[in-house]
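Visitor: Oh and the first sequence: position 114 is 114 in my numbering, straight run, nothing missing.
Ideal placement from N, C-alpha and C gives every residue a C-beta, glycine not left out.
The structure under discussion is supplied below as structure tokens; questions concerning it will follow.
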Amino acid sequence: MLQELEDNYGYLFEKDLLKEIYTSGVIKEVSEGQKLIEIGDYIKFMPLLINGAVKILREDENGDELALYFLERGDTCAMTLTCCMGDTKSEIRAVAETDTRLIMIPVQKMSDWMSSYKSWQNFILQSYQSRMKEILEAIDTIAFLKMDERLLKYLRDKAMVNKEDLLKTTHQNIAYDLHTSRVVVSRLLKKLENENKIKLYRNSIKVIDL
DNA sequence: ACATTAAGTGATT
DNA sequence: AATCACTTAATGT
């Protein structure tokens, strides 16, 4: 596992810090579709992705979901970053997009290392910045109601995190993630197919224009 | 062969 | 862009 850490985080953190992560972190493996964090859960651990991908979702008062962004190798959840100061409930839900390996680090350690490791501090600040940027991007696409662009971005992101241009999903599931109706998704997908950006099959979509 | 589920389409708001 | 109502196509039993 130490080797695994070096392979994935060696370029970010110094040896001492990797050792610390190794001793206080716990490896967790989740399979596709499994829930990692539910809305309202108290956040006790900070996840560090080793491989795989995690989908971050928001939910409204009716229980309707909205996919915000994906986490990949080297990413961590911005939500946990803000709550090292005390017990905070999660505002989001995290679901494994693919089979995923990650390290769970107690939030206590997270703030300890902020003062003792410069590289850790940079990592946290940079993660925070890039998550913030993604959320702003998400707001932009939603606010300006460009559903076709949202859909294409979603498909590309999904293809990227899955490292696979053939997405195994249904129009209904996409509609759920984008918080729209299946009919709209079907029509927009059809349009994208006519523009030769994707190819449609039953239960799967091939993304061509990556 | 029949039921179920996914996807396509026209019309309406 | 959302919803409805309906059709067509694919898949499972």
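With distance defined between alpha-carbon atoms, name the residue in N173, K109 and A67 nearest to A94.
Guide: Taking the first residue of the first sequence as position 1, residue 94 is located at position 94. Considering only alpha carbons, the answer is A67.
Visitor: Which of the three DSSP states is assigned to E4 in this structure?
Guide: Numbered from its first residue, the first sequence carries residue 4 at position 4. Residue state, collapsed to three classes: helix.
Visitor: Need the endpoints of the beta strand (DSSP E) that D35 sits in, please.
Guide: Start at 1 with the first residue of the first sequence, and residue 35 comes out as number 35. Looking at the sequence itself, residue 35 is Lys, so the reference to Asp does not match. Residues K35 to I37.
Visitor: What whole-angstrom Cβ distance do L155 and I198 have, given they're in contact under 8 Å?
Guide: Taking the first residue of the first sequence as 1, we reach residue 155 at position 155. Taking the first residue of the first sequence as 1, we reach residue 198 at position 198. So it is a contact: roughly 7 Å between Cβ atoms.
Visitor: Have a look at E149 and A53 and give me their C-alpha separation to the nearest angstrom.
Guide: Position 149 of the first sequence, counted from the start, is the residue given in the question as residue 149. Position 53 of the first sequence, counted from the start, is the residue given in the question as residue 53. C-alpha separation (whole angstroms): 22 Å.
Visitor: In the DSSP output, what is T100 paired with across the bridge?
Guide: Sequence index remark: in the first sequence, residue 100 carries index 100 (1-based). The partner list for T100 (beta bridge, DSSP) reads V30.
Visitor: Starting from the Cα of I37, find the closest Cα among R58, I50 and V26 and give me that residue.
Guide: What you label residue 37 is simply residue 37 of the first sequence in a count that begins at 1. That would be R58, whose Cα lies nearest to the Cα of I37.
Visitor: Name the residue from E195, I21, K168 and S31 whose alpha carbon lies nearest to the alpha carbon of D99.
Guide: By one-based count along the first sequence, residue 99 stands at place 99. When only C-alpha atoms are compared, the closest one is S31.
Visitor: Considering only DSSP beta bridges, list what T76 is partnered with.
Guide: The count along the first sequence starts at 1 and reaches residue 76 at position 76. T76 is bridged to L48.
Visitor: Which residue from L49, E29, R73 and C77 puts its Cα closest to that of I135?
Guide: Within the first sequence, the letter at position 135 stands for residue 135. Comparing Cα positions, the closest option is C77.
Visitor: If you follow the alpha helix (DSSP H) that Y22 is in, where does it begin and where does it stop?
Guide: Stepping through the first sequence from its first residue, residue 22 is reached at position 22. Here the alpha helix (DSSP H) through Y22 covers K15 to S24.
Visitor: Taking buried to mean at least 16 other C-beta atoms within 10 Å of its own C-beta, is D60 buried or exposed?
Guide: As a working mapping, residue 60 is identified with position 60 in the first sequence. Burial call: exposed.
Visitor: Among T80, W113 and K146, whose alpha-carbon lies nearest the alpha-carbon of E14?
Guide: As a working note, residue 14 is residue 14 in the first sequence. For the residues T80, W113 and K146, the minimum Cα distance to E14 belongs to W113.
Visitor: Tell me the rounded alpha-carbon separation between F70 and R101.
Guide: As a first step, residue 70 is located in the first sequence; it is residue number 70 there, counting from the start. As a first step, residue 101 is located in the first sequence; it is residue number 101 there, counting from the start. In this structure, the alpha-carbon of F70 lies about 15 Å from that of R101.
Visitor: Using the three-state DSSP reduction, which class does E65 fall into: helix, strand or coil?
Guide: Translated into the one-based positions of the first sequence, residue 65 becomes position 65. Correct three-state label for E65: strand.
Visitor: Name the DSSP bridge partner or partners of A94?
Guide: The count along the first sequence starts at 1 and reaches residue 94 at position 94. Looking at the DSSP assignment, A94 forms a beta bridge with I37 and I56.
Visitor: Would you call D16 buried or exposed, if buried means 16 or more other Cβ atoms sit within 10 Å of its Cβ?
Guide: For the purposes of this step, residue 16 is taken as residue 16 along the first sequence, with counting starting at 1. So D16 counts as exposed.
Visitor: Which one of E137, L189, V207 and S186 has the shortest CA to CA distance from L166?
Guide: Locating residue 166 in the first sequence gives position 166, where the first residue counts as 1. In this structure, V207 is the residue among E137, L189, V207 and S186 with its C-alpha nearest to the C-alpha of L166.
Visitor: Name the DSSP beta bridge partners of F70, please?
Guide: Counted from its first residue, the first sequence places residue 70 at position 70. Its beta-bridge partners are K55.
Visitor: Going by DSSP, what residue range makes up the alpha helix (DSSP H) through I139?
Guide: The sequence position of residue 139 within the first sequence is 139, counting from 1. Looking at the DSSP string, the run of the alpha helix (DSSP H) that includes I139 is K118 to A143.
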